[in-house]
Amino acid sequence: MNVDKLLCAILGLSLVCSFAYARDLNQDEALSLRQRGVILPLEQFIEHALGLHPGSKLLEAELEEKNNVYVYEFELLTPQGVVRELKFDARDSRLLKDEED
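Heads up: the sequence shown begins at 27 in the numbering used here, then just goes up one per residue.
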């Protein structure tokens, strides 16, 4: 394989990997987005997630950004001992994912 083909392959792979990468936002970034009205309040999503699975316990909550799309991701432990992963669009509260983890 010549150098040009190898460089093209590496560049292509790095582009694919960068599109698949979701970045976790810290609390300062989340607060800034909330204050500017870019995302809805975390509490609203926690209530919604727990309402979908009554009796569940919240294990983890994260705000991620991927390609300028903000997503709240939650892990819940149901009363049956099943861990569920839920994802919501942080801008409009649309449920994007609800499945066993």
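Every residue, glycine too, gets a C-beta built ideally from N, C-alpha and C.
Whose C-beta lies closer than 6 Å to the C-beta of Asp124 among residues of the same chain, with five residues either side of it excluded?
The residue labelled residue 124 in the question sits at position 98 within the sequence shown. Cβ within range, chain order: Leu112.
Between which two residues does the beta strand (DSSP E) containing Ala87 stretch?
Walking along the sequence shown from the start, residue 87 turns up at place 61. Element bounds for Ala87: Lys83 to Lys92.
Between Pro80 and Ser119, what straight-line distance do the alpha-carbon atoms span, to the nearest angstrom?
As a position in the sequence shown, residue 80 is number 54, starting the count at 1. As a position in the sequence shown, residue 119 is number 93, starting the count at 1. Their backbone Cα atoms lie some 19 Å apart in a straight line.
Between which residues of its own chain and Ala56 is the CB-CB distance below 6 Å, once the five residues before and five after are set aside?
Walking along the sequence shown from the start, residue 56 turns up at place 30. Around Ala56: Leu89.
Would you call Val64 buried or exposed, if buried means 16 or more other Cβ atoms sit within 10 Å of its Cβ?
Within the sequence shown, residue 64 is the residue found at index 38, counting from 1. Looking at its Cβ environment, which holds fewer than 16 other Cβ atoms inside 10 Å, Val64 is exposed.
For the alpha helix (DSSP H) that contains Asp54, what are its first and last residues?
As a working note, residue 54 is residue 28 in the sequence shown. Per DSSP, Asp54 belongs to the alpha helix (DSSP H) from Gln53 to Gln61.
Would Leu102 and Leu85 qualify as a contact pair, given that the criterion is a beta-carbon distance under 9 Å?
Working through the sequence shown from its first residue, we reach residue 102 at position 76. Working through the sequence shown from its first residue, we reach residue 85 at position 59. Yes, they are a contact pair.
Since Glu91 contacts Val109 with CB under 8 Å, what's their CB separation in whole angstroms?
Walking along the sequence shown from the start, residue 91 turns up at place 65. Walking along the sequence shown from the start, residue 109 turns up at place 83. The Cβ separation is near 24 Å, so there is no contact.
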